[in-house]
Amino acid sequence: MSATSKLPPFDPSDPIGIDDLLAPEDLAIRETVRNWAADRVLPHIADWYERGELPGIRELARELGSIGALGMSLEGYGCAGASAVQYGLACLELEAADSGIRSLVSVQGSLAMYAIHRFGSEEQKQRWLPGMAAGEIIGCFGLTEPDHGSDPAGMRTYAKKDGADWVLTGRKMWITNGSVAGVAVVWAQTDDGIGAIRGFVVPTDAAGFSAPEIKHKWSLRASVTSELVMDEVRLPADAVLPEVTGLKGPLSCLSHARYGIVWGAMGAARASFEAAVDYAKTREQFGKPIGGFQLTQAKLADMAVELHKGILLAHHLGQRMDAGRLRPEQVSFGKLNNVREAIEICRTSRTILGANGISLEYPVMRHATNLESVLTYEGTVEMHQLVLGKALTGLDAFR
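All residue numbers for the sequence shown refer to the working numbering, where the first residue is 2 and numbers rise by one.
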């Protein structure tokens with residue numbers, strides 16, 4: 002008997018055997034999230050995207066809470082306590098449905114909940130996290146401003162002391178979940194004697210707080226994106242996150258969220274690639290399916306290589322996070338590579354589908370336009386290149 006006859010058959014959906022690295026519980030979680038997305042998102046997402054709406058977002062949040070997807074890798078307070086790899090697999094499946102759905106989960110769990118869980122008081126954790134884990138309370142994360150994105154140190158949002166209270170004034174921009182949130186984690190300059198940036202847990206029903214929704218988007222259309230406006234919002238002393246000062250607070254939250262993007266981008270790429278493979282096997286030109294032509298097969302082979310390399314990279318980073326060894330520079334490595342390659346996979350898939358590739362009957366153009374936002378949010382390409390450049394050379398080129 003030859004050696005090759007003992008090998009398992011080649012699996013086109015898992016060509017390098019990544020599933021062999023996953024435990025049965027990992028596979029079960031992936032299947033749960035994939036089935037939820039297939040049932041609750043995929044039948045409706047083209048219509049939601051075309052309308053530029055995410056109807057029923059509160060119901061979707063509660064359902065995501067019921068399957069343990071919110072604050073998934075956090076411990077206690079109703080959170081699932083899943084591994085980083087399991088959380089990553091969930092992000093991949095959610096973004097295979099739509100980037101807007103993964104963004105809802107990422108902002109809820111990896112930004113708003115993570116900030117409270119890591120830097121909040123016990124009272125803040127008890128007040129907010131159980132409801133957020135269940136999807137009963139939606140959270141948002143206010144860092145980016147109209148004039149300050151890549152340089153958050155220049156933020157103008159300001160919190161001043163007034164007796165025992167804080168008074169918060171400023172604006173945040175491009176905030177996912179903002180208009181439907183019950184709580185906002187807002188970062189602001191302060192006058193507490195050290196001039197540090199502090200985080201504040203802000204109930205969105207506070208006087209002076211508003212969150213108008215941003216319309217007319219051509220990307221992440223099935224997602225709630227908002228501006229946050231704070232007009233002398235008065236907060237009690239215990240609204241501040243007590244366990245962090247300075248930019249290390251929001252940046253550590255962003256690193257956690259960027260990790261989810263490393264996986265999620267591969268979900269969008271996978272959905273587009275699978276659409277291209279299915280189309281190539283059935284679309285006929287010159288007397289046979291276009292998948293039988295060399296140039297089409299070259300495109301499919303190249304896309305498969307980059308897709309599964311990206312998933313393997315995400316898995317490796319997840320194992321490092323689970324071991325407590327994942328550095329921010331390594332997250333930048335993953336986001337830079339995987340989002341860039343995912344966009345290229347979507348664009349190449351579109352060429353295989355031809356004119357049909359621009360139709361919402363197929364997921365390809367929707368994923369491609371969504372990824373244009375993912376490419377620049379939570380760190381632009383240039384910022385991640387500079388993070389890696391500094392790590393490689395020891396020289397700071399940010400300024």
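Backbone N, C-alpha and C fix where the C-beta goes; we use that ideal spot for every residue, glycine too.
- With which residues is residue 142 paired in a DSSP beta bridge? Here residue 142 refers to the residue found at position 141 when the sequence shown is read from its first residue. 186, per the DSSP bridge assignment.
- Message: The beta strand (DSSP E) that contains residue 108, what's its start and end?
- Response: Translated into the one-based positions of the sequence shown, residue 108 becomes position 107. It is not in any beta strand (DSSP E) - residue 108 carries neither H nor E in the DSSP assignment.
- Task: Quick one: using the 10 Å Cβ neighbour count with 16 as the cut-off for buried, is residue 287 buried or exposed?
- Result: Taking the sequence shown and counting its residues from 1, the one referred to as residue 287 is at position 286. Residue 287 comes out exposed.
- Message: What would DSSP say about residue 215, mapped onto helix, strand or coil?
- Response: Against the sequence shown, residue 215 aligns to sequence position 214. Three-state DSSP puts residue 215 in coil, outside helix and strand.
- Query: Helix, strand or coil for residue 231 per DSSP?
  - Reply: As a working note, residue 231 is residue 230 in the sequence shown. The answer is strand: DSSP assigns residue 231 an E or B state.
- Give the straight-line distance between the Cα atoms of residue 122 and residue 129, rounded to the nearest whole angstrom. Taking the first residue of the sequence shown as position 1, residue 122 is located at position 121. Taking the first residue of the sequence shown as position 1, residue 129 is located at position 128. Going from the Cα of residue 122 to the Cα of residue 129 covers about 11 Å.
- Item | For residue 171, three-class secondary structure by DSSP | In the sequence shown, residue 171 corresponds to position 170, counting from 1. Residue 171 falls in the strand class under three-state DSSP.
- Query: Can you name the start and end residues of the alpha helix (DSSP H) that residue 225 belongs to?
  - Reply: Within the sequence shown, the letter at position 224 stands for residue 225. Per DSSP, residue 225 belongs to no alpha helix (DSSP H) and is neither H nor E.
- Item | Option nearest residue 149 by Cα separation, candidates 89, 140, 66, 378 | Residue 149 sits at position 148 when you count from the first residue of the sequence shown. When each option's Cα is compared against that of residue 149, the closest is 378.
- Query: Do residue 365 and residue 354 come within 8 Å of each other at the CB atom, strictly closer than that value?
  - Reply: For the purposes of this step, residue 354 is taken as residue 353 along the sequence shown, with counting starting at 1. For the purposes of this step, residue 365 is taken as residue 364 along the sequence shown, with counting starting at 1. Yes. Within cutoff.
- Message: Let me make sure I understand the geometry here. Which of 334, 75, 327 has the alpha-carbon closest to that of residue 381?
- Response: Here residue 381 refers to the residue found at position 380 when the sequence shown is read from its first residue. Measuring from the Cα of residue 381, the nearest candidate turns out to be 334.
- Query: Just to confirm, are residue 102 and residue 42 a CB contact at a threshold of 8 Å?
  - Reply: Along the sequence shown, read from residue 1 onward, the residue named residue 102 stands at position 101. Along the sequence shown, read from residue 1 onward, the residue named residue 42 stands at position 41. Taking 8 Å as the Cβ cut-off, residue 102 and residue 42 qualify as a contacting pair.
- Neighbourhood of residue 126 by C-beta, 7 Å cutoff - its chain only, sequence neighbours within 5 removed: Within the sequence shown, the letter at position 125 stands for residue 126. Here the set comprises 78, 117, 118.
- What did DSSP end up calling residue 272 once you bin it into helix, strand or coil? Position 271 of the sequence shown, counted from the start, is the residue given in the question as residue 272. Helix.
- Task: Ignore the nearest five residues each way along the sequence and tell me which others in residue 104's own chain have a CB closer than 7 Å to its CB.
- Result: The count along the sequence shown starts at 1 and reaches residue 104 at position 103. Cβ neighbours of residue 104 beyond the five flanking positions: 177, 221, 224.
- Proximal residues to residue 53 (C-beta, below 6 Å), its chain only, five neighbours per side dropped: Within the sequence shown, numbered from 1, the residue matching residue 53 stands at position 52. Hits under 6 Å: 222.
- Message: Counting C-beta neighbours from all protein chains within 10 Å, is the total for residue 11 16 or more, i.e. buried, or is it exposed?
- Response: Position 10 of the sequence shown, counted from the first residue, corresponds to residue 11. Exposed.
- Query: When you compare only the Cα positions, how much space is there between residue 318 and residue 331?
  - Reply: Residue 318 sits at position 317 when you count from the first residue of the sequence shown. Residue 331 sits at position 330 when you count from the first residue of the sequence shown. Taking the straight line joining both Cα atoms gives about 7 Å.
- Item | Euclidean distance between Cα positions of residue 231 and residue 55 | For the purposes of this step, residue 231 is taken as the residue at position 230 of the sequence shown. For the purposes of this step, residue 55 is taken as the residue at position 54 of the sequence shown. If I take the Cα positions, the gap works out to 25 Å.
- Item | For residue 115, the first and last residue of its enclosing alpha helix (DSSP H) | One-based indexing of the sequence shown puts residue 115 at position 114. Residues 115-120.
- Message: Along the chain, where does the beta strand (DSSP E) containing residue 203 start, and where does it finish?
- Response: Along the sequence shown, read from residue 1 onward, the residue named residue 203 stands at position 202. First-last of the beta strand (DSSP E) with residue 203: 198-204.
- Query: Between the beta-carbon of residue 109 and the beta-carbon of residue 139, is there less than 8 Å?
  - Reply: Here residue 109 refers to the residue found at position 108 when the sequence shown is read from its first residue. Here residue 139 refers to the residue found at position 138 when the sequence shown is read from its first residue. Contact: yes.
- Buried versus exposed call for residue 217 [16 or more other C-beta atoms within 10 Å across all chains shown]: Numbered from 1 along the sequence shown, position 216 holds the residue referred to as residue 217. The residue is exposed, with fewer than 16 neighbouring Cβ atoms inside 10 Å.
- Message: Quick check: residue 135 and residue 248, are their CB atoms within less than 8 Å of each other?
- Response: In the sequence shown, counting from the first residue as 1, residue 135 sits at position 134. In the sequence shown, counting from the first residue as 1, residue 248 sits at position 247. Cβ atoms of residue 135 and residue 248: not closer than 8 Å.
- Item | Cut-off 6 Å between Cβ atoms - residues of its own chain near residue 290, not counting five sequence neighbours on either side | The residue you call residue 290 lines up with position 289 of the sequence shown. If we look at residue 290 and ignore the five residues flanking it on each side, its Cβ neighbours are 282.
- Query: Which value, in whole angstroms, describes the spacing of the CA atoms of residue 480 and residue 106?
  - Reply: It is not possible to answer for residue 480, since the shown part of the chain is limited to 2 through 400.
- Taking only beta-carbon atoms, is residue 189 less than 8 Å away from chain B? In the structure shown, chain B cannot be found, because there is only a single protein chain.
- Message: So, with DSSP's three-state summary, where would you put residue 241?
- Response: Working through the sequence shown from its first residue, we reach residue 241 at position 240. Three-state DSSP puts residue 241 in a strand.
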